[in-house]
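**Q** Residue numbering for the sequence shown follows our numbering, starting at 24 and increasing by one per position. By construction, the Cβ of each residue, glycine as well, lies at the ideal position given by its N, Cα and C atoms.
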Amino acid sequence: MGLKEQLLTDYKEAMKAHDSTRKETVNLIRAAIKQHEIDQQVTLEDADIVPIIKKQLKMRTDDFEKAGRQDLLDSYRTEIDILKQYLPEEMSEEAVRAAVERICEESGLDRSMKSMGPMMKAAMAELKGQADGAVVSKVVKEYLSGK
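Here is the structure:
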């Protein structure tokens, strides 16, 4: 079952169970997907839906963390948990480190900070959707600086 079908099924189940938080959260995801499809005039596949869900998740965490509004962050905790259910499990930092080392060896790039751009491009192309960009950037910097 695809991600869009899973979202529709979960939406229907939340309606039947009178779970308003889950229903509203799933409906927001479905609306964001539909809006993207209309704007871009495409039909999205599962791999294209993951960044939309990540964006929704980031909207609920970053703004309130930066503002120091723990009370609002706590109220969104349930929505955050629901959103995380639809995301694939991300790679651990150790797995990212191993992938970065392998990518650097295969590409033949210098192990210096001058290779940061090409290394990030290669790493993100291979690890897209599997690892957070901030984690990849941190690991690449550590690797290239020799730490």
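Within a Cβ cutoff of 7 angstroms, which residues of the same chain sit near A154, ignoring the five residues on either side of it in sequence?
**A** By 1-based counting over the sequence shown, the position of residue 154 is 131. Hits under 7 angstroms: E113, M114, V119.
**Q** Assuming L110 and K161 make a contact with CB atoms under 8 angstroms, what is their CB distance in whole Å?
**A** Within the sequence shown, residue 110 is the residue found at index 87, counting from 1. Within the sequence shown, residue 161 is the residue found at index 138, counting from 1. Not a contact, Cβ separation roughly 20 angstroms.
**Q** Between I56 and I72, is the Cβ-Cβ spacing less than 8 angstroms?
**A** Along the sequence shown, one-based indexing puts residue 56 at 33. Along the sequence shown, one-based indexing puts residue 72 at 49. The answer is yes: Cβ separation under 8 angstroms.
**Q** Check whether the region 163-170 and the region 122-140 touch, using three or more Cβ-Cβ pairs below 8 angstroms as the test.
**A** Counting Cβ pairs under 8 angstroms, three or more are found: they touch.
**Q** Can the beta-carbon of T84 be found closer than 8 angstroms to that of T44?
**A** Your numbering for residue 84 matches position 61 in the sequence shown. Your numbering for residue 44 matches position 21 in the sequence shown. Contact flag unset, no.
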